[in-house]
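What follows is a single structure, written as structure tokens, with notes after it.
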Amino acid sequence: MNENLYLLESLKHSSPIIQLAWGLSSIFFIIILMLIMYLKYLRNHLRENEKIKAKYQEDYESYLVTYLYSGNEDDTFSSEQQLIINELKKCVADPFKRKIIISTLLKLRNEISGEIAESIDKLFIKLGLLRYSLAKLRNEKWDIIAIGIRELTQFKIKGVHKIIMNNINHPKREVRKEMQLYLVHLYAFKGLDFLNVLETSLSEWDQIQLLEVLQLNNDTEIADIRPWLKSSNDSVVIFTLKLAKVYNQFEAKEELIELLNHKSEDVRVNVISALSHLNIVEAKNILKNNFNERSHEEQIAFLKMMENVYENSDKPFLLEHIHHKKFEIKLFVMGILKNINFEEYALYEVELKKMLTA
Amino acid sequence: MNNTKKIVLAEDNSVLSLLLKFRLEKEGYKLLIAVDGKQAIELIEEHNPELILTDIMMPFVSGLEVISHVRNKLNTQTPIVVFSSAGQEEIVLKAFDLGATDFMSKPFSPHELVIRVKRLLI
Numbered sequence: 001m002n003e004n005l006y007l008l009e010s011l012k013h014s015s016p017i018i019q020l021a022w023g024l025s026s027i028f029f030i031i032i033l034m035l036i037m038y039l040k041y042l043r044n045h046l047r048e049n050e051k052i053k054a055k056y057q058e059d060y061e062s063y064l065v066t067y068l069y070s071g072n073e074d075d076t077f078s079s080e081q082q083l084i085i086n087e088l089k090k091c092v093a094d095p096f097k098r099k100i101i102i103s104t105l106l107k108l109r110n111e112i113s114g115e116i117a118e119s120i121d122k123l124f125i126k127l128g129l130l131r132y133s134l135a136k137l138r139n140e141k142w143d144i145i146a147i148g149i150r151e152l153t154q155f156k157i158k159g160v161h162k163i164i165m166n167n168i169n170h171p172k173r174e175v176r177k178e179m180q181l182y183l184v185h186l187y188a189f190k191g192l193d194f195l196n197v198l199e200t201s202l203s204e205w206d207q208i209q210l211l212e213v214l215q216l217n218n219d220t221e222i223a224d225i226r227p228w229l230k231s232s233n234d235s236v237v238i239f240t241l242k243l244a245k246v247y248n249q250f251e252a253k254e255e256l257i258e259l260l261n262h263k264s265e266d267v268r269v270n271v272i273s274a275l276s277h278l279n280i281v282e283a284k285n286i287l288k289n290n291f292n293e294r295s296h297e298e299q300i301a302f303l304k305m306m307e308n309v310y311e312n313s314d315k316p317f318l319l320e321h322i323h324h325k326k327f328e329i330k331l332f333v334m335g336i337l338k339n340i341n342f343e344e345y346a347l348y349e350v351e352l353k354k355m356l357t358a
Numbered sequence: 001m002n003n004t005k006k007i008v009l010a011e012d013n014s015v016l017s018l019l020l021k022f023r024l025e026k027e028g029y030k031l032l033i034a035v036d037g038k039q040a041i042e043l044i045e046e047h048n049p050e051l052i053l054t055d056i057m058m059p060f061v062s063g064l065e066v067i068s069h070v071r072n073k074l075n076t077q078t079p080i081v082v083f084s085s086a087g088q089e090e091i092v093l094k095a096f097d098l099g100a101t102d103f104m105s106k107p108f109s110p111h112e113l114v115i116r117v118k119r120l121l122i
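Residue numbers (the UniProt record's numbering), protein chains in the order written: chain A, 1 to 358; chain B, 1 to 122.
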């Protein structure tokens, strides 16, 4: 006791800097102590939550599997299924349990196909979860809207596309992407109708994802892509050019040739690549005639096209550009000449080498 | 003598494991479930099953390592069916190189799996 009093006394008589240092140290010590206690509480709370979650998840997994294998032959709900539905319906009202139920359904839904997958989709509706997903679409937060749309996609909920289409020009890219994926996942080519009214840009990643989903779909009825080739949205035109290549859309030949005069260079380069892929030889003469007016990128794209569709009659055109000022173009021209006539090419090569060393 | 055929299922998705266990046990097989490759190897060594069903991507020890262990260390020709997901085509090829018998791409139909299992265990 006396020792403590002595310490306090000596602190009182020490310099203000030492007093301040002691004061600050005490404050920091108390803060650290409080933080340690809070972290301990938080860790325990999270662990407890995890345990509860795992327990519920185990229960719901068991309910789900029992539900899936206790159905009647005639597609009606058996008494056992009805009991499970009633039990789960009670849990759905609680947001914490609802989240676990949805994640359990998705955990299985994403791994299986066929009748069982369809049963899970039906259960999603039967439990009233559709109402909650649709409510998410009316939320003010963009991430909640995106989650809502994704849930509808994963459980293949058709018939709500009109509500989802309201987000077609949503300011957040993630929401737009989920909306597009919903439409294409569920309606395949018909779902691409959103391209008619899309004002925002489709990123390269969005385009890749849409193409991937389309290819997963077994729908062979390909939409008429021609209207999208005339879109005022350049990204829609570029995406449609990719569709033309992947699905060999020869029917759109006229529209594709028209696009050679599009205002965007990116579109023009892509259309040359599509024309090359589709082997549309008519485009070759058009491009040959105005080769010099075209940008470097277009010239390269055209020469790449020529590599596949060259003829003997192209020789004068190629010879005209054998001394082009751009090395890359010269290289392409030489390559094509080599393919047309190897012996003649040897002569051009000697001539070119002389020029280069002169 | 117990003639029930044993199947080791290595799958980290608990609900899928449960579903397949339910389905295959209904068909008269005995299912031994492993949540990762390490457990799968232990079960295979202990029970010497007639068939192995394994996911490719699993924690600790992958499906590829399970196949390699069965074919190269245990030197057994137990049929192995591999579960893969979209985009894992290269790994599936590796699995076949290591000695996998068949593969199923997720999402798959449990009904189709039962048909394949029956065919392999005739």
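The C-beta atom is built at its ideal place from N, Cα and C for all residues, glycine as well. This one's a predicted model, so the numbers in the text were calculated from it and none came from an experiment.
query = Gly71/A and Ser62/A: beta carbons closer than 7 Å?
reply = Position 71 of the first sequence holds residue 71/A. Position 62 of the first sequence holds residue 62/A. Not in contact: Gly71/A and Ser62/A (Cβ atoms no closer than 7 Å).
query = Is the region 327-342 of chain A in contact with the region 294-312 of chain A, if contact means three or more CB pairs nearer than 8 Å?
reply = The answer is yes - the region 294-312 of chain A touches the region 327-342 of chain A, with three or more Cβ pairs under 8 Å.
task = Output the distance between the C-alpha atoms of Ser10/A and Phe29/A, rounded to the nearest integer angstrom.
result = Stepping through the first sequence from its first residue, residue 10/A is reached at position 10. Stepping through the first sequence from its first residue, residue 29/A is reached at position 29. So the alpha carbons of these two residues sit roughly 21 Å apart.
query = Quick one: Cα of Gln19/A to Cα of Met34/A, how far?
reply = Mapped onto the first sequence, residue 19/A falls at position 19. Mapped onto the first sequence, residue 34/A falls at position 34. The straight-line gap from Cα to Cα measures roughly 23 Å.
query = Less than 7 Å separating the beta-carbons of Gly37/B and Met58/B?
reply = For the purposes of this step, residue 37/B is identified with residue 37 of the second sequence, where counting begins at 1. For the purposes of this step, residue 58/B is identified with residue 58 of the second sequence, where counting begins at 1. In this structure, Met58/B lies closer than 7 Å to Gly37/B by Cβ.
ask   = Can you find a CB in chain A that lies within less than 7 Å of the CB of Val117/B?
value = As a working note, residue 117/B is residue 117 in the second sequence. No, because no Cβ of chain A sits closer than 7 Å to the Cβ of Val117/B.
task = Check distances from the C-beta atoms of the region 193-226 of chain A to those of chain B and list, in chain order, the residues that come in under 7 Å.
result = Cβ contacts with chain B: none found.
query = chain B partners of Thr104/A, CB-CB under 9 Å?
reply = Taking the first sequence and counting its residues from 1, the one referred to as residue 104/A is at position 104. Here the neighbours are Val15.
query = If you count every other CB in all the chains shown that lies within 10 Å of the CB of Ser84/B, and 16 or more means buried, which is it?
reply = Indexing the second sequence from 1 puts residue 84/B at position 84. When all chains shown are included, Ser84/B counts as buried.
task = For Lys107/A, return the contacting residues in chain B, with the cut-off set at a CB-CB distance below 7 Å.
result = On the first sequence, position 107 is the one that residue 107/A refers to. Ordered by position in chain B, the residues that pass the 7 Å Cβ test against Lys107/A are Asn13 and Val15.
ask   = Taking the DSSP output, what are the residues bridged to Lys30/B?
value = As a first step, residue 30/B must be located in the second sequence, where it is residue number 30. Bridge partners of Lys30/B: Lys6/B.
For Ser84/B, the first and last residue of its enclosing beta strand (DSSP E) = For the purposes of this step, residue 84/B is taken as residue 84 along the second sequence, with counting starting at 1. Unbroken beta strand (DSSP E) run through Ser84/B: Ile80 to Ser84.
key: Continuous beta strand (DSSP E) stretch holding Thr153/A: start and end   = Within the first sequence, the letter at position 153 stands for residue 153/A. From DSSP, Thr153/A is part of no beta strand (DSSP E) but of the alpha helix (DSSP H) over Trp142 to Gln154.
query = Tell me the DSSP bridge mates of Ile52/B?
reply = What you label residue 52/B is simply residue 52 of the second sequence in a count that begins at 1. Note: Ile52/B sits in a beta bridge opposite Val8/B and Ile80/B.
ask   = Which residue's Cα is closest to the Cα of Glu80/A: His185/A, Cys91/A and Val65/A?
value = Counted from its first residue, the first sequence places residue 80/A at position 80. Ranking the options by Cα distance to Glu80/A, first place goes to Val65/A.
message = Between which residues of its own chain and Asp219/A is the CB-CB distance below 7 Å, once the five residues before and five after are set aside?
response = For the purposes of this step, residue 219/A is taken as residue 219 along the first sequence, with counting starting at 1. Residues Ala188 and Phe189 of the same chain have their beta carbon placed closer than 7 Å to that of Asp219/A, with the five preceding and five following residues left out of the count.
ask   = Alpha carbon to alpha carbon, how far is Leu93/B from Val35/B?
value = Taking the second sequence and counting its residues from 1, one reaches residue 93/B at position 93. Taking the second sequence and counting its residues from 1, one reaches residue 35/B at position 35. Annotation: Leu93/B to Val35/B spans about 23 Å, alpha carbon to alpha carbon.
inquiry  = If the criterion is Cβ atoms closer than 7 Å, does the pair Thr54/B and Val70/B meet it?
reply    = Along the second sequence, one-based indexing puts residue 54/B at 54. Along the second sequence, one-based indexing puts residue 70/B at 70. Here Thr54/B is not near Val70/B, since their CB atoms are 7 Å or more apart.
task = Check the Cβ-Cβ distances between Ser109/B and every residue of chain A, and say whether any is below 7 Å.
result = Taking the second sequence and counting its residues from 1, one reaches residue 109/B at position 109. The Cβ of Ser109/B sits closer than 7 Å to at least one Cβ of chain A.
inquiry  = For Pro79/B, count the other beta carbons within 10 Å of its own beta carbon; 16 or more makes it buried, fewer makes it exposed. Which is it?
reply    = For the purposes of this step, residue 79/B is taken as residue 79 along the second sequence, with counting starting at 1. The residue is buried, with at least 16 neighbouring Cβ atoms inside 10 Å.
message = Just to make sure I have the definition right: I need the residues of chain A whose C-beta is within less than 7 Å of the C-beta of Lys106/B. Which are they?
response = Here residue 106/B corresponds to residue number 106 of the second sequence, with the count starting at 1. Per Cβ cutoff of 7 Å: Glu111.
query = What is the DSSP secondary structure of Met58/B, counted as helix, strand or coil?
reply = Start at 1 with the first residue of the second sequence, and residue 58/B comes out as number 58. The answer is coil: DSSP assigns Met58/B none of H, G, I, E or B.
query = Between which two residues does the alpha helix (DSSP H) harbouring Met104/B extend?
reply = Translated into positions along the second sequence, residue 104/B becomes position 104. Element bounds for Met104/B: not the alpha helix (DSSP H) but the beta strand (DSSP E), Asp102 to Ser105.
ask   = Do you know offhand how far Ile222/A's Cα is from Glu42/B's?
value = For this step, residue 222/A is matched to residue 222 along the first sequence. For this step, residue 42/B is matched to residue 42 along the second sequence. As the crow flies, the alpha-carbon of Ile222/A is around 51 Å from that of Glu42/B.
request  = State yes or no: is the beta carbon of Gly114/A nearer than 7 Å to at least one beta carbon in chain E?
outcome  = Note that chain E does not occur in the displayed structure, where the protein chains are A and B.
ask   = Under a Cβ-count criterion, where at least 16 other Cβ atoms within 10 Å of its own Cβ denotes burial, should Ala100/B be classed as buried or exposed?
value = Sequence index remark: in the second sequence, residue 100/B carries index 100 (1-based). It counts as buried.
key: Where Asn279/A falls, given that 16 or more other Cβ within 10 Å makes a residue buried   = Reading the first sequence from its first residue, position 279 is the one you call residue 279/A. Classified as exposed, Asn279/A has fewer than 16 neighbouring CB atoms from the shown chains inside 10 Å of its CB.
task = Determine the extent of the alpha helix (DSSP H) in which Phe302/A is found, giving its start and end residues.
result = Walking along the first sequence from the start, residue 302/A turns up at place 302. Membership of Phe302/A in the alpha helix (DSSP H) is indicated by the continuous run His296 to Val309.
ask   = Would DSSP call Phe108/B helix, strand or coil?
value = For the purposes of this step, residue 108/B is identified with residue 108 of the second sequence, where counting begins at 1. It is a strand residue.
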